[in-house]
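Student: If you read the protein sequences in the order shown, they are chains H, F and Z. 329 is the number that the working numbering gives to position 235 of the first sequence; each next residue is one higher, with no gaps. 171 is the number that the working numbering gives to position 167 of the second sequence; each next residue is one higher, with no gaps. 210 is the number that the working numbering gives to position 204 of the third sequence; each next residue is one higher, with no gaps. This is the structure, below, for whatever I ask next.
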Amino acid sequence: MNDSSLNISIEDVTKSYGDFHALKEVSLEVTSGEFLTLLGPSGSGKTTLLMVLAGFTSPDYGSVKFGEKEVVFEPPHLRGIGMVFQNYALFPHMNVAENVGYPQKLRGVSKEETRISVENALSTVKLDELGHRRIDELSGGQKQRVALARAIVFKPKILLMDEPLSALDKKLREEMQIELRQLHDSLSMTTVYVTHDQKEALTMSDRIAVINDGQLMQLGTPNEIYRRPNNAFIADFIGESTLLPAKVKNGIATVGAAKFKGTQRLKKDGDFMLVVRPEKLFIANRRARDANYFEGVVKDSIFQGESQLMVIKLDPQNYGDRSLRIRLPNGSTNLGELPGVDEKIVLGLKIVDSYFVEATNGGA
Amino acid sequence: MVELEQNLNQAALTQLARREHYTFFGLTLPYLVLVGAMIIIPIGWLFFLSFVGRDGSFSFENYERMINSKAYLRIFITTFKISILTTFFCALFGYPLAYFMSQISRKWANICMIGVLIPFWTSLLVRTYAWLVLLQKKGLVNSVAVDLGLLSEPIKFVHNTSGTLIGMVHIMLPFLILPLYANMRAIDPHCVKAASSLGATPTRAFWTVFFPLSIPGLLAGLLIVFVLCLGFYVTPAVLGGGKVIMAAMKISSNIELYFSWGAASALGVVLLVVTMLILLIASKLVSFDQFGQRS
Amino acid sequence: MKSIFMFKTAVIAAASFGLASFSTASLAEDTLRIVSWGGAYQKGQSVGIFQPAAQAMGITVKEDTYGGISDVKLMVKSGADKFDIFSSGAGGCASGGAEGILEKLDYSVIDVSNHLPGMYSDYCAGADIFSVVAAWNTETYGDNGPRSWADFFDVEKFPGTRAMRAKVDSQLEAALLADGVAKEDIYKVLDSEEGIDRALDKIRSIKPHIAVWWTSGAQHAQLMKDGEVDMTTGWNGRFDVAKLDGAKVSYDWKTGIMDWEGYGIPKGVKNKDLAMKYIAEMMKPEYMAEFAKYITYGPTNKLVYELNLMEDSRARQMPSHPDNAKHQMTLRTDWYAKWRTIAAEKYTEMMTE
């Protein structure tokens, strides 16, 4: 732990709105200096959890600690957090410098010190020389940076961000993702970041907490979440995966008609799903023992610039009406040699990439 | 030599752009005509009439009269005093109510709004007389209070300044609340949240963020109320009991007294000029523009 | 005057809007339009005079209300044609006549030979007589109310709240009577600014006790009915009607200042000749007697008394009954023609002090 950040302990946090259970006994530990993302679809409860951390929503029960201190009873203004809102929530009646200096003014910081800290904060977000601008003269990206500068100017130990990039266009959003991450690394404050964009979560986070239905589904590094999803929901939500039903009996999985070897040991019998990532599939010219294979017919082949996406209709006799998608990075294959539409194709999936999840969501 | 060379289609495109400007100007025309017909011409006519004497010739007599009789100055002072006080009390009662309405759900706010607007459906005269019936010496309020022993003697609520203010504030309140509420609803609630997340107490967040953002609506409401008050007739006439003589009442009695539009017009002109001066000074003191823009 | 309107000429536009209900296009030659003050007063006129007189002549008379002589001026000056005859106080007619907006009445057509002295003028044929009196609340003072103007202005002998008119009319006369001026000398004293100031000073002396400045007859009647004030100046007929309604109110004829109401014709009306004949018809004593059944405003035609057209008990309630008239002074419209604007401005100044 360092003194520019605090760890956050969330325990049994529960919140209901009438019959709707927004949060169901969520427990979560955010380590000091970590960049943790709350990821989930809309209505999953991720924003509610963030609002509980910020103090705008009071849980029905449960505990929130910043460091050793219980804060669940503290009003927002005493929590000492920096927060960035989805629509920036800048004060339109103040200029950029006044917006950024606002927290300092509240804290009774001297004018000169405020000026310096505002300059530093603006320079951190690369907005030097824009202090005198009015808010309505800024672009969306600039507003985002001002909101960020305002949230960090008083060096809070915890930074909360609620879908801060959702209003920006794709290119700017991707730039900002990297910038935000770099900023976090240089300031090293504990950051809790809410998004519904799994790609954004994978790009930026130290760890991701996947939230659905008010519950914590999985907590792990982006790599873990991506490669070893706990359940079908996560497997489906993260990445471009296709889930194929599988039956497991005595540790042996059957997908379609074929026996499949998986990367994990399957201790339980029952219905499972094979998680197939398009980029893990390869076109098999010959069969080897370290992989599983699918047979099918090419339905579609789309040039996407950096890659070629093919849609393969699997043999209906074995798999029913199911398709797989395969993504071939441009340059890895001679595109001219690929099978054309309606031609037969055999796809391979390495055993190390063959990962099963239980078919029901609850079985994580 | 004149340069003959022209860029491709430039002349035609310039013309097209010009035509578009004309079209936009054309759209403002109905409004300009309306302003001309409804505002400039009548005010010009008013101004003209104020210099017409009783015998129909050009004369300053209508203005001289106002200087010679102390009554006019007092009437103007009363007019502005009552208008300012009414505006002040409207803000005092209206602002918290509008704030409350802006913070509750839209459904409940709409119900409140109906409550605010119901008085609009009743005639002004009826409402004014209702206050008289309620508040006079042997009216409902005084009778009940005396019977219950809360008062040893009835309070003089009406036939004076306080009665006039009660009636006028009641009638003017919706005019303050409507623009103010619309403004408050438009304030991004995240701004106040942002303020408190950054360390502002609820009071501080209100005064540094919510209140400044509500000022345009407040100013609009104050302006409407103030200007409408200046022309009030019925309520001060009924509830003022002759103790509160406002400009509109004197305008009316001057028409009767002098049989001349000029005698009334001059009062109107002075009222207009003084009002404009007050607004000019007010706009210098409070920069309207500062709050005019939104993100 | 007897404005039953709460706010009289308040909104002249509104009044003229009301007048617009007369359709000018479809008027036949045997149709007249007459305007008056509305309320109980016009009801009495309508039932007692306007309609019976029209019937007797075989013509149609349409009625409406109006806001006073300034409405007549507006109509004449704007060239509109909205009514042929109006009912007005003598003072209103006098100032209208001075403005040149009225037709001179033809007294060879209109017979005023039996009118009480002074109850007709060039522009106004007198129809009824009313009085301004000092009325008191009998609950406060019993039978011993202010029986003279001196009593009305004596706040020590008669503590209590007062109401006076928001307009100057007949208020200065009352003040001077209270100040000890004999009723014959009132207009001599008032014929100078000093005299007017003297009257105003008398009113100033009791100003803290004046709770309300009234603007209409309906209002001063209501003030007495509600017990809002203990005494007020006002029109006798209003108090009599209020008394019938259960108001605790009384007055003494010794405070009476007699004034009269009549009919005038705006300048330039098309039906002038017919209007003149109609006014002549309305001057007949039987109409005035009938009218007096509805409100205690006495006839200007002395034949009503001479021919005993009224029951004696009713006749005794009229301001113009000889027993009542002998105590009273009579208001002089010529003084108002000369001094009204000056007196009115000074009066407003006194009110706003």
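Glycine included, every Cβ here is placed at the ideal spot set by N, Cα and C.
From which residue to which residue does the alpha helix (DSSP H) around L147/H run?
Tutor: In this chain, the alpha helix (DSSP H) harbouring L147/H covers K140 to A148.
Student: Using 7 Å as the limit for Cβ to Cβ distance, is S107/F near chain Z?
Tutor: Per the sequence shown, residue 107/F should be read as Gln rather than Ser. Cβ-Cβ to chain Z under 7 Å: no for Q107/F.
Student: Got a sec: which bits of the region 199–215 of chain F sit with their beta carbon under 9 Å from any beta carbon on chain H, in order along the chain?
Tutor: A199, S200, S201, L202, G203, A204, T205, P206, R208, A209, T212 and V213
Student: Would you say the region 52–65 of chain F touches the region 259–277 of chain F, given that touching needs at least three Cβ pairs under 8 Å?
Tutor: yes
Student: Suppose contacts are defined by Cβ-Cβ distances below 7 Å. Is L139/F in contact with F124/F by that definition?
Tutor: The answer is no: Cβ separation not under 7 Å.
Student: Which residues of chain F have a Cβ atom closer than 7 Å to the Cβ of A148/H, listed in chain order?
Tutor: S201
Student: Does the distance from the CB of S126/H to the CB of D106/H come in under 7 Å?
Tutor: no
Student: Give me the Cα-Cα distance between Q411/H and A295/H, rounded to the nearest whole angstrom.
Tutor: Rounded to whole angstroms, Q411/H to A295/H spans 39 Å at the Cα level.
Student: Provide the residue(s) that pair with F129/H in DSSP beta bridges, ordered along the chain.
Tutor: T285/H
Student: Residues of chain F with CB under 8 Å from E105/Z, in chain order?
Tutor: What E105/Z touches in chain F: F263.
Student: Mind checking whether E287/Z and A133/Z have CB atoms under 7 Å apart?
Tutor: no
Student: Pull up the distance between the alpha-carbon of I346/H and that of R416/H, whole angstroms please.
Tutor: The alpha-carbon atoms of I346/H and R416/H are separated by roughly 22 Å.
Student: Distance check for R301/H and H171/H, CA to CA, integer angstroms please.
Tutor: 27 Å
Student: For L200/H, return the contacting residues in chain F, with the cut-off set at a CB-CB distance below 7 Å.
Tutor: L202, G203, A204 and R208
Student: Per DSSP, what kind of secondary structure is A140/Z in: helix, strand or coil?
Tutor: Residue state, collapsed to three classes: strand.
Student: Please classify A31/Z: does DSSP put it in a helix, a strand, or coil?
Tutor: With a pLDDT of only 42 at A31/Z, under the threshold of 50, the placement of this residue in the model should not be trusted; the figure read from the coordinates follows. Looking at A31/Z - three-state DSSP - the assignment turns out to be coil, as it is neither helix nor strand.
Student: In this structure, how does DSSP classify E68/F when only helix, strand and coil are distinguished?
Tutor: E68/F: helix per DSSP, three-state reduction.
Student: Determine the extent of the alpha helix (DSSP H) in which H174/F is found, giving its start and end residues.
Tutor: T165 to A190
Student: Please list, in chain order, the chain F residues whose beta carbon lies closer than 8 Å to that of N181/H.
Tutor: D192 and H194
Student: Closest Cβ-Cβ distance between K85/F and chain Z: below 7 Å?
Tutor: Not a single CB atom of chain Z sits nearer than 7 Å to the CB of K85/F.
Student: Among K74/F, I43/F, L129/F and S106/F, which one has its Cα closest to the Cα of P240/F?
Tutor: L129/F
Student: With DSSP as the reference, please indicate the residues paired to F62/F in a beta bridge.
Tutor: V56/F
Student: Is G296/F close to chain H? Criterion is C-beta to C-beta, closer than 7 Å.
Tutor: Note that G296/F scores a pLDDT of 44, beneath 50, so its modelled location is shaky; the value from the coordinates is reported in the next line. So, not an interface residue.
Student: Whose CA, out of T146/Z, V174/Z, L206/Z and E312/Z, lies closest to the CA of S235/Z?
Tutor: A small fix is needed here, since residue 235/Z is Val in this sequence, not Ser. That would be T146/Z, whose Cα lies nearest to the Cα of V235/Z.
Student: Between D222/H and the rest of its own chain, which residues show a CB-CB distance below 8 Å, the 5 nearest in sequence each way excluded?
Tutor: E213 and L216
Student: Is the distance from the Cβ of A248/Z to the Cβ of I91/Z below 7 Å?
Tutor: no
Student: Could one say the Cβ of M298/H lies closer than 7 Å to chain F's Cβ atoms, at least one of them?
Tutor: no
Student: Starting from the C-beta of A298/Z, find all residues in its chain whose C-beta is less than 7 Å away, skip the five residues before and the five after it, and write them out in chain order.
Tutor: G304, P305, M316, R320 and M324
Student: Can you look up M367/H in the DSSP assignment and give me helix, strand or coil?
Tutor: strand
Student: Just to confirm my understanding: we take A245/H, look at its own chain, exclude 5 residues before and 5 after, and list those with CB closer than 7 Å. What are they?
Tutor: G176, M177, V178 and L253
Student: Note the first and the last residue of the continuous beta strand (DSSP E) segment covering V391/H.
Tutor: A385 to F397
Student: So which residues on chain Z does H163/F lean against when the C-beta distance must stay under 7 Å?
Tutor: A217 and V218
Student: Compute the Euclidean distance between the alpha carbons of S257/F and W155/Z, then round it to the nearest angstrom.
Tutor: 27 Å
Student: Determine the DSSP secondary structure at F92/Z, reduced to helix, strand or coil.
Tutor: strand
Student: I want to verify the contact list: residues of chain H whose CB lies under 9 Å from the CB of L217/F, in sequence order.
Tutor: F185, P186 and H187
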